[in-house]
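In what follows, a structure is listed as structure tokens, so that the remarks can point back to it.
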Amino acid sequence: MPLGIKPGRRARASRRRLSIVRTAALAIFAIGLSAMAGSVAYFLPAAKLAWDATGQVISVPSPTPSPSSTAVSSPTPPPLYQPGAFTVLLLGSDDDSKFSPDHVLTQSMILVRVLPATKQVIMLSIPRDLYVPFWSGGSGKIDGAYSYGQAGGAIATVQQDFGVHIDDYIWIGLLGLIHLIDAIGGVDVVTSNPVIDDYYPQDLFTTDPYEYQRVAVLAGPQHLDGIHAMQYVRSRHNDLQSDIGRSKRQQQVLLAIRQKAKSVSSADVTAIAGALGGEIKTSMGIDRVAQLIPLASTFDSPNNITQIVMLPPLWHGGGPGGSLTPNWSEILPFVHQYFP
Amino acid sequence: MISRFFLALGLCVLMLVSSFTMFVYLGGRQSKVAAPAQKPTVASPKPHAYILPGTLYLTQSGALYSLSSGRFHQLTPEAGWTQPSLYPDNAFLLAVQKNELYSDVYIVTRFGQVVRQITNNTASSRDPDTGSRHWSFYPRLAPDMLTMFMSYDSPKFGYDVPFSVWGVPISGAPGGRLWTNANDYTGGDMQPIPLRGGGIMYTKYSYGPDGNLVGQLWLTTRPTPSGNEGRPLTSTIDDCMSPSFSPDGRQVAMVCTYGRQIARLVIASWDGSNFGPLIGVITDQLVAQPVWAPDGSGIAYLAPGSGDAPFQLWFLPKDAYNPPPPPPTPVPTPTPGGPYHGTPPSPTPAPPVLAPVVKPIQITTNAGFDATSPLAWAG
Chain A
366 MPLGIKPGRR
376 ARASRRRLSI
386 VRTAALAIFA
396 IGLSAMAGSV
406 AYFLPAAKLA
416 WDATGQVISV
426 PSPTPSPSST
436 AVSSPTPPPL
446 YQPGAFTVLL
456 LGSDDDSKFS
466 PDHVLTQSMI
476 LVRVLPATKQ
486 VIMLSIPRDL
496 YVPFWSGGSG
506 KIDGAYSYGQ
516 AGGAIATVQQ
526 DFGVHIDDYI
536 WIGLLGLIHL
546 IDAIGGVDVV
556 TSNPVIDDYY
566 PQDLFTTDPY
576 EYQRVAVLAG
586 PQHLDGIHAM
596 QYVRSRHNDL
606 QSDIGRSKRQ
616 QQVLLAIRQK
626 AKSVSSADVT
636 AIAGALGGEI
646 KTSMGIDRVA
656 QLIPLASTFD
666 SPNNITQIVM
676 LPPLWHGGGP
686 GGSLTPNWSE
696 ILPFVHQYFP
Chain B
264 MISRFFLALG
274 LCVLMLVSSF
284 TMFVYLGGRQ
294 SKVAAPAQKP
304 TVASPKPHAY
314 ILPGTLYLTQ
324 SGALYSLSSG
334 RFHQLTPEAG
344 WTQPSLYPDN
354 AFLLAVQKNE
364 LYSDVYIVTR
374 FGQVVRQITN
384 NTASSRDPDT
394 GSRHWSFYPR
404 LAPDMLTMFM
414 SYDSPKFGYD
424 VPFSVWGVPI
434 SGAPGGRLWT
444 NANDYTGGDM
454 QPIPLRGGGI
464 MYTKYSYGPD
474 GNLVGQLWLT
484 TRPTPSGNEG
494 RPLTSTIDDC
504 MSPSFSPDGR
514 QVAMVCTYGR
524 QIARLVIASW
534 DGSNFGPLIG
544 VITDQLVAQP
554 VWAPDGSGIA
564 YLAPGSGDAP
574 FQLWFLPKDA
584 YNPPPPPPTP
594 VPTPTPGGPY
604 HGTPPSPTPA
614 PPVLAPVVKP
624 IQITTNAGFD
634 ATSPLAWAG
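Just so you know, the sequences run in chain order A and B. Per this note's numbering, the first sequence starts with residue 366, numbered consecutively. Per this note's numbering, the second sequence starts with residue 264, numbered consecutively.
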């Protein structure tokens, strides 16, 4: 053979090479695959948070009948029931080093009813000092219900005492709220009055959680970062309405977060997830969260947002340990106007 | 035809590049909501930018800035400086320096140099009681240039820390006088404005009829005599704050929220003792700290910028709230030739004169000013 080439070698080499068309198809497939890999890498922190924080399994025990709630006549059918409507219990906790993680107090408890069909939101703040029967037996301030079964315990207690059905919960710690607000670039709030506190707890970012600091959040429209928004919603010493007053402020900041969240894009989810760490938990599945995010931006009219705090005669002071004594015969019909 | 080795190598490089590109692309798609505000001095003035007259003083991130001829200048370092106000003769500024535990008032030159400290609100470092310290906010010098008014958290009673308005000698001599009697557990009395004829206008916080805390503009003409410190000028329903007088003293701009998460720019006439009707001028922005231009050409204020940017500087030209008068109706000229006895011609209705809609002008785009710090504007 000429040049010493053995027969069949060229043919085998030719078989090892690919045609242009097959090469191009392979390249396109590789680009698609690697782009997906890049996306997965980008959203990995968010996916991890979603995996860790959402879909928390809660066991809500069957309610034990309590003397106070059974003494009241059964509620009338709720007028605001709509298909697709659901109720979420928002829980905000002191989760500083004064408490063990499983025995925090829920300083903020807000029932939120979402009515997607009419684009309405109803927020009802439950006073943390309300003296109620716990689902597990015994009685105490409602902010302690979380200590007896965590979120499940808080939900069971609220369901039992208020006769409402709760579909899901969202729990957030102090640091979680600060980080969330900072991750969305702060919030614009019209603070209703100067919030001045000479004995505000200095229990975050400190070695001694029993120290105090001074706080002065001035009045009027302003941009609040996470720390100052926390001071605004948490301070209660210089408010005649104490916990009730700060419940109103908490609702203002919640609405401001919702407003600001409209400017957040899906690409921000990773940064927000990274900022939140383990400071948020919810029983909602990822599918419901994904359904809620676009829904939140459609709730535009302030007239469709009802903010409620519980005031006398729904309760009166003088309960054990400085607690508030509930007036169930007033509370139950009042609550059932809004929450089934 | 490509050999398999080079094909595999090429694909590996391609995959690396495309995955990295996708990662970077997604990162680039992030909104700018969490991006820190720019220093106002960073942005260079645009050739056709609106130039405000005089010099405007404002605050960002604990630093005082001035704006003159369209250019910002940083006057102080970022060290807790806020709430500048001008001497009546515009010679100096009063400003507050705030830290975590207390705040003090200083006299500062218009270029940012500290001339003198007026208040001393700290306590011994060995005193562990946080309540031993004080806050001073919203300093204003009276027209007589002798008395400085400010909001000061004294007297206070344990957890009840209301601000009251105090008048203190600017010379630093003792003799401060309590001018108002703040409501307990409300935050108290804020932002005093000394009046030309004596007395002060200020914002008093109190519980409204529905139990919510609201602001009200009040007037008092003398230091508090046995707790009777004046009278309200606005209702609790209006929830108004941050008064600012026009250069001629006949109008007052203020912010009213009507107890909601809104903040409207409202203007009212002022006869020296009462307001005329409150007129909403800007109703679709979150308005803070309005201040009149010294030449009366408009009102500057802070409000979030477009795209939900933090508080920016805006200017509302005068024509927006004082529209120019309509052109005079032509006077009929007498027809020569004596009186006309026939049927008078039916008058043709004049076309309606539509006042041009004057919109506010956004002066800055990414500055993020402190909306709790009043603006000061020198001519």
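For each residue, glycine too, the CB sits at the ideal point set by N, CA and C.
List, in chain order, every chain B residue whose beta-carbon is nearer than 9 Å to that of residue i.
{"i": "G403(A)", "result": "S281, S282, F283, T284, M285, F286, V287, Y288, L289"}
{"i": "Y597(A)", "result": "None at all; the shortest Cβ gap to chain B is about 12 Å."}
{"i": "H722(A)", "result": "Because chain A spans 366 through 705 in this model, residue 722(A) falls outside it and cannot be assessed."}
The alpha helix (DSSP H) that contains residue i, what's its start and end?
{"i": "K467(B)", "result": "Element bounds for K467(B): not the alpha helix (DSSP H) but the beta strand (DSSP E), 463–470."}
{"i": "K613(A)", "result": "607–626"}
{"i": "V359(B)", "result": "Per DSSP, V359(B) belongs to no alpha helix (DSSP H); it is in the beta strand (DSSP E), 355–361."}
{"i": "V287(B)", "result": "267–291"}
{"i": "D526(A)", "result": "515–527"}
{"i": "S490(A)", "result": "No alpha helix (DSSP H) holds S490(A); the beta strand (DSSP E) holding it covers 485–491."}
{"i": "P698(A)", "result": "693–701"}
{"i": "T635(A)", "result": "634–641"}
{"i": "R599(A)", "result": "591–599"}
Where does the unbroken beta strand (DSSP E) through residue i begin, and where does it stop?
{"i": "M517(B)", "result": "514–519"}
{"i": "A641(B)", "result": "639–641"}
{"i": "Y565(A)", "result": "560–566"}
{"i": "Y401(B)", "result": "399–404"}
{"i": "A548(A)", "result": "No beta strand (DSSP E) contains A548(A), which is instead part of the alpha helix (DSSP H) from 539–548."}
Between the options, which lies nearest to residue i when the distance is taken from Cα to Cα?
{"i": "A306(B)", "options": "A630(B), W640(B), L638(B)", "result": "A630(B)"}
{"i": "V582(A)", "options": "D652(A), K625(A), I561(A)", "result": "I561(A)"}
{"i": "L476(B)", "options": "Y521(B), S509(B), S505(B)", "result": "Y521(B)"}
{"i": "A526(B)", "options": "S266(B), G543(B), V515(B), S532(B)", "result": "G543(B)"}
{"i": "T339(B)", "options": "L364(B), R373(B), A312(B)", "result": "R373(B)"}
{"i": "A406(A)", "options": "T628(B), L279(B), A566(B), V296(B)", "result": "L279(B)"}
{"i": "I546(A)", "options": "T635(A), R493(A), N603(A), H593(A)", "result": "H593(A)"}
{"i": "G317(B)", "options": "Q575(B), A358(B), A556(B)", "result": "A556(B)"}
{"i": "D511(B)", "options": "G559(B), P637(B), D416(B)", "result": "G559(B)"}
{"i": "W577(B)", "options": "F632(B), I530(B), N362(B)", "result": "F632(B)"}
{"i": "Y460(B)", "options": "P406(B), K622(B), P567(B)", "result": "For clarity, residue 460(B) is Gly in the given sequence; the question names Tyr instead. Nearest option by C-alpha distance: P406(B)."}
{"i": "T487(B)", "options": "F508(B), G333(B), W442(B), S324(B)", "result": "W442(B)"}
{"i": "G471(B)", "options": "Q360(B), K361(B), R523(B), A563(B)", "result": "R523(B)"}
{"i": "V287(B)", "options": "A392(A), A402(A), D573(A)", "result": "A402(A)"}
{"i": "G291(B)", "options": "A632(A), H681(A), A636(A), Y703(A)", "result": "A632(A)"}
{"i": "G430(B)", "options": "Y465(B), G535(B), F420(B)", "result": "Y465(B)"}
{"i": "K581(B)", "options": "V620(B), P637(B), S569(B), Q552(B)", "result": "V620(B)"}
{"i": "L455(A)", "options": "G551(A), I645(A), G509(A)", "result": "I645(A)"}
{"i": "T388(A)", "options": "L272(B), A297(B), M408(B), S281(B)", "result": "L272(B)"}
{"i": "P623(B)", "options": "A634(B), Y584(B), T635(B), A639(B)", "result": "Y584(B)"}
{"i": "W680(A)", "options": "S600(A), R493(A), T647(A), S630(A)", "result": "R493(A)"}
{"i": "S688(A)", "options": "V497(A), H588(A), G397(A)", "result": "V497(A)"}
For residue i, which residues in chain A fall below 8 Å Cβ to Cβ?
{"i": "A526(B)", "result": "V555, G585, P586"}
{"i": "M413(B)", "result": "Result: empty, since nearest Cβ-Cβ is about 13 Å, beyond 8 Å."}
{"i": "A436(B)", "result": "Under the 8 Å cutoff, chain A gives no residues; its nearest Cβ is about 27 Å from A436(B)."}
{"i": "N475(B)", "result": "S557, K613"}
With C-beta atoms as the reference, is residue i less than 8 Å away from residue j?
{"i": "G765(A)", "j": "S490(A)", "result": "Any property of residue 765(A) remains undetermined from this structure, which presents chain A solely from 366 to 705."}
{"i": "P495(B)", "j": "Q479(B)", "result": "yes"}
{"i": "L243(B)", "j": "S628(A)", "result": "Look at the range of chain B in this structure, 264 to 642, and you will see that residue 243(B) is not part of it."}
{"i": "A445(B)", "j": "G451(B)", "result": "yes"}
{"i": "T671(A)", "j": "M474(A)", "result": "no"}
{"i": "Y448(B)", "j": "D563(A)", "result": "no"}
{"i": "G457(A)", "j": "H701(A)", "result": "no"}
{"i": "Y577(A)", "j": "P559(A)", "result": "no"}
{"i": "T382(B)", "j": "F335(B)", "result": "no"}
{"i": "A548(A)", "j": "A298(B)", "result": "no"}
{"i": "I433(B)", "j": "L409(B)", "result": "yes"}
{"i": "L540(A)", "j": "Y511(A)", "result": "no"}
{"i": "L349(B)", "j": "L330(B)", "result": "no"}
Taking Cβ-Cβ distances shorter than 7 Å, what residues in chain A pair up with residue i?
{"i": "Q293(B)", "result": "S630, A632, D633, A636"}
{"i": "T520(B)", "result": "V555"}
{"i": "R396(B)", "result": "R579"}
Can you name the residues of chain A whose CB is closer than 9 Å to the CB of residue i?
{"i": "L541(B)", "result": "By Cβ distance, chain A contributes nothing, its closest Cβ being about 17 Å from L541(B), past 9 Å."}
The stretch 362–382 of chain B in contact with the stretch 396–408 of chain B per 3-pair CB rule at 8 Å: yes
Near-chain E residues of the stretch 559–577 of chain A (beta-carbon distance less than 8 Å), N- to C-terminal order: Among the protein chains in the structure shown, which are A and B, there is no chain E.
Cβ contact (3+ pairs, closer than 8 Å) linking the stretch 525–535 of chain A and the stretch 548–563 of chain A: no
The stretch 602–614 of chain A contacting the stretch 666–685 of chain A, beta-carbon criterion three pairs below 8 Å: yes
Validate contact between the stretch 444–457 of chain A and the stretch 468–480 of chain A using beta carbons, cut 8 Å, 3 pairs: yes
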